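Undergrad: Those letters in the sequence shown? Residues -24 to -1, 1 to 421, by mature numbering (1 follows the signal peptide of the UniProt record, and there is no 0). For glycine and all other residues, C-beta sits at the position ideal for the given N, C-alpha and C. Values in this document were obtained by computation on a predicted structure and should not be read as measured data. So that we are looking at the same thing, I have put the structure below in structure tokens.
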Amino acid sequence: MRVQFKLVLLIVAVSISSVPSASAQNESTAPVQIRATYAAPLSRYYAPYAIQAAAAYIPKNEIDATLGPSGQPALDGADVGRAVAYVTDGDATVAPLATKYLRAWQYQFGSEGYLTCFESDPECLAAIDRDRWTLRIGGGPAFQVWARTRYPAKNGAACSEVSIAFRGTTAAFADWIGNFDVVTGGFTDDHYRQLRRNVDAIIKKVTMLDCYRRARRPPQIVSVGHSLGGGLAQFAGLANHPRRPRIAKVFAFDPSPVTGAAYVDKRVLADNARGLEIDRVYQSGEVLQRLRGWAQRLPRSPVLPCVRDVSFDLINSNNAIRLHSMAGLAGELVKVSARYQYEVPEPHRGCPGTRYRAPETDDDVGEPDQERGSGPIAARSQPLIASASPGGTWFNSGEAQYPGSEMPVAQLAGARAMNANARIAQVRRIAAAHSGRLREAHASR
């Protein structure tokens, strides 16, 4: 199964940068002892989003080939088949279940490459001047949009949920610039800057989807991503305009601790954080786990979305990079789900005002009452860490975190002291040194 090599260089970035990302934490700084629950029963809940996060690595031309002649979503399940094939790698024990979990979803549209302004959005074009002084790096945030309608698929079906799934790190140099945002973000037009000016245009197109417009009530929008894509998914949830349809929940798998939240207007950030749910789901021991722990010790800010950390121990490997594989995690989630009924994380009373509603079932007929006629909800003060591993019954959870909106002035000044070209060269040297490992990781399955 293919291993997606992600963000390992970010660990090196920490050592060469004087700029830590600010993080928002809870008012209480003491670790909270929480009764552990097993994560395995939640596997059916997370499985379709994990498959989408893995499928985001499929090249756009390949997934677009599943669309109809006029760009309409596939009715024959070709999009689902392509996504499932990427995750299961022909494993006959996994493919049927993965297909069942995803078959009520349809791929709608996507993007990859540098994003000046998505579909020439007028508001983006009006706002682009603030980024014109930055260095264009050639690549940008890649994403796929999926909509949950019904199975069997039919023309004119309404959707109850729309997912924006962001791709994580590939071997592309632009992706590594995005990973090094703590070093390069001040002078490059990286993934986070591009997404800042385009997130509203992307959501605007979501609201123009046929299935969205046919719905009796507005479908909820969620964002999904793995590694760098997990950081972008969190950023999208914080950056879109609060007076428009907003992202209700983020599913971030093995996520980067870098979210680019410093690029978001403080009022927009605060408005979006209230009621936003973020599930950070990861394989225990994967390469970014320790880095996220490092981020927990950084300065706090008042941004407090509802965050839950969910840890699975499903992949059998001692290699932290292999443990970071999204296709591997998605496949193992599907496998373990065969033993369980559909179950959602329990709501937590410490997280009021959530705008997310978990599907009551994973029944793939959709929601008939949506047709027009034809969490964790973790507390700010009590993040839950769940484990699929047998063993202990108590976990020291640590404290809820979230990359914040401000960077200390002294640290920011120190970061800018390093010459921009020198920092770019430094990133290139590090990336080149790891290029062999990148090729090996992408070639292996």
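#1: Evaluate contact between the stretch 248 to 255 and the stretch 326 to 336, counting only Cβ atoms and requiring at least three cross-stretch pairs below 8 Å.
#2: Between the C-alpha atoms of A191 and W81, what's the straight-line distance to the nearest angstrom?
#3: Apply the 10 Å Cβ neighbour rule to G86 and answer buried if 16 or more other Cβ atoms are within range, or exposed otherwise.
#4: Return the first residue and the last residue of the beta strand (DSSP E) that D138 is part of.
#5: Which one of Q196, Q170 and F211 has the shortest CA to CA distance from H202?
#6: Roughly how many angstroms separate the alpha carbons of Y318 and K36, rounded to a whole number?
#7: Give a yes or no on whether the C-beta atoms belonging to V200 and A29 are separated by under 8 Å.
#8: From the DSSP output, which residues share a beta bridge with E253?
#9: What would DSSP say about R124, mapped onto helix, strand or coil?
#10: Using three-state DSSP, classify H217 as helix, strand or coil.
#11: Would you list the residues sitting across from Y258 in a DSSP beta bridge?
#12: So, is A102 buried or exposed, given that buried needs 16 or more other C-beta atoms within 10 angstroms?
#13: For A209, does the count of other Cβ atoms within 10 angstroms reach 16, so buried, or fall short, so exposed?
#14: With a cut-off of 8 Å on the beta carbons, I'd call P218 and D247 a contact; round off their distance for me.
#15: Could you compute how far the alpha carbon of S260 sits from the alpha carbon of P24?
#16: Opposite Q82 in the DSSP bridges: which residues?
#17: Thinking just about the alpha-carbon of each residue, which of Q196, K242 and Q170 is nearest to the one in I104?
#18: Please classify K242 as buried or exposed, where buried requires at least 16 neighbouring CB atoms within 10 angstroms.
#19: In its own chain, which residues sit with a C-beta less than 6 Å from the C-beta of A306, not counting the 5 before and 5 after it?
#20: Please check the pair C187 and A129, which I expect to be a contact at CB under 8 Å, by giving their CB distance rounded to whole angstroms.
#21: What number of angstroms, rounded off, separates the C-alpha of S96 from the C-alpha of V226?
#22: Does DSSP classify I197 as helix, strand or coil?
#23: Are the beta-carbon atoms of L299 and E262 separated by less than 8 Å?
#24: On the premise that I223 lies in contact with G207, defined as a C-beta separation below 8 Å, what is that separation, rounded to the nearest angstrom?
#25: Return the Cβ separation of R20 and D338 in integer angstroms, given the expectation that the two are a contact with Cβ distance under 8 Å.
#26: Report all residues from its chain with a CB closer than 7 Å to the CB of Q84; omit the five preceding and five following residues, and keep chain order.
#27: How many Å lie between T92 and Q196 at the Cα?
#28: Where do the N-terminal and C-terminal ends of the alpha helix (DSSP H) with Y25 fall, by residue?
#29: What does DSSP give as the partner residue(s) for residue 422 in the beta ladder?
#30: Below 8 Å between beta carbons: does that hold for G304 and A32?
TA: Taking the coordinates as given:
#1: yes
#2: Reading the sequence shown from its first residue, position 215 is the one you call residue 191. Reading the sequence shown from its first residue, position 105 is the one you call residue 81. Spanning the two alpha carbons is a distance of roughly 15 Å.
#3: For the purposes of this step, residue 86 is taken as residue 110 along the sequence shown, with counting starting at 1. Around the beta carbon of G86, 16 or more other beta carbons lie within 10 angstroms, which makes this residue buried.
#4: As a first step, residue 138 must be located in the sequence shown, where it is residue number 162. The amino acid occupying residue 138 in the given sequence is Val; Asp does not appear at that position. Its beta strand (DSSP E) spans residues E137 to F142.
#5: The count along the sequence shown starts at 1 and reaches residue 202 at position 226. Here the closest residue by C-alpha is F211.
#6: By one-based count along the sequence shown, residue 318 stands at place 342. By one-based count along the sequence shown, residue 36 stands at place 60. One C-alpha to the other measures close to 31 Å.
#7: As a first step, residue 200 is located in the sequence shown; it is residue number 224 there, counting from the start. As a first step, residue 29 is located in the sequence shown; it is residue number 53 there, counting from the start. A contact, by the Cβ cut-off of 8 Å.
#8: On the sequence shown, residue 253 is found 277 positions in, with the first residue counted as 1. Per DSSP, K225 and C282.
#9: Counting from 1 along the sequence shown, the entry for residue 124 is found at position 148. Looking at R124 - three-state DSSP - the assignment turns out to be strand.
#10: The residue labelled residue 217 in the question sits at position 241 within the sequence shown. Of the three classes helix, strand and coil, the one that applies to H217 here is coil, per DSSP.
#11: Residue mapping note: residue 258 aligns to position 282 of the sequence shown, counting from 1. In the DSSP output, where bridge partners are listed per residue, Y258 has S287.
#12: Indexing the sequence shown from 1 puts residue 102 at position 126. Per the 10 Å Cβ criterion, exposed.
#13: Position 233 of the sequence shown, counted from the first residue, corresponds to residue 209. Counting Cβ neighbours within 10 Å, A209 comes out buried, since at least 16 surround it.
#14: Numbered from 1 along the sequence shown, position 242 holds the residue referred to as residue 218. Numbered from 1 along the sequence shown, position 271 holds the residue referred to as residue 247. That belief holds up - the Cβ atoms of P218 and D247 are roughly 4 Å apart, short of 8 Å.
#15: Counting from 1 along the sequence shown, the entry for residue 260 is found at position 284. Counting from 1 along the sequence shown, the entry for residue 24 is found at position 48. Approximately 20 Å, taken between the alpha carbons.
#16: Taking the sequence shown and counting its residues from 1, the one referred to as residue 82 is at position 106. Paired residue(s): A123.
#17: For the purposes of this step, residue 104 is taken as residue 128 along the sequence shown, with counting starting at 1. Comparing Cα-Cα distances from I104 to each of Q196, K242 and Q170, the minimum goes to Q170.
#18: Here the question's residue 242 lines up with position 266 in the sequence shown. By the 16-neighbour rule on beta-carbons within 10 angstroms, K242 is exposed.
#19: In the sequence shown, the residue the question calls residue 306 occupies position 330. Closer than 6 Å at the Cβ level, and outside the excluded window around A306, lie A26, I27, A30 and V63.
#20: Looking up residue 187 in the sequence shown gives position 211. Looking up residue 129 in the sequence shown gives position 153. With a Cβ gap of about 10 Å, C187 and A129 do not count as contacting.
#21: Along the sequence shown, read from residue 1 onward, the residue named residue 96 stands at position 120. Along the sequence shown, read from residue 1 onward, the residue named residue 226 stands at position 250. Between S96 and V226, the C-alpha separation is close to 26 Å.
#22: Taking the first residue of the sequence shown as position 1, residue 197 is located at position 221. Strand at I197.
#23: The residue given as residue 299 occupies position 323 in the sequence shown. The residue given as residue 262 occupies position 286 in the sequence shown. Yes; because the gap between Cβ atoms is below 8 Å, this pair is in contact.
#24: Against the sequence shown, residue 207 aligns to sequence position 231. Against the sequence shown, residue 223 aligns to sequence position 247. So it is not a contact: roughly 14 Å between Cβ atoms.
#25: Position 44 of the sequence shown holds residue 20. Position 362 of the sequence shown holds residue 338. So it is a contact: roughly 6 Å between Cβ atoms.
#26: Along the sequence shown, one-based indexing puts residue 84 at 108. Annotation for Q84: P49, V121, W122, A123 and L185 place their beta carbon closer than 7 Å to its own, counting only its chain and skipping 5 residues before and after.
#27: By 1-based counting over the sequence shown, the position of residue 92 is 116. By 1-based counting over the sequence shown, the position of residue 196 is 220. Whole-angstrom Cα-Cα distance: 27 Å.
#28: In the sequence shown, counting from the first residue as 1, residue 25 sits at position 49. From DSSP, the alpha helix (DSSP H) with Y25 extends over S19 to A31.
#29: What the structure shows of the chain is the stretch from -24 to 421, and residue 422 is not part of that stretch, so it cannot be assessed.
#30: Translated into positions along the sequence shown, residue 304 becomes position 328. Translated into positions along the sequence shown, residue 32 becomes position 56. Not in contact: G304 and A32 (Cβ atoms no closer than 8 Å).
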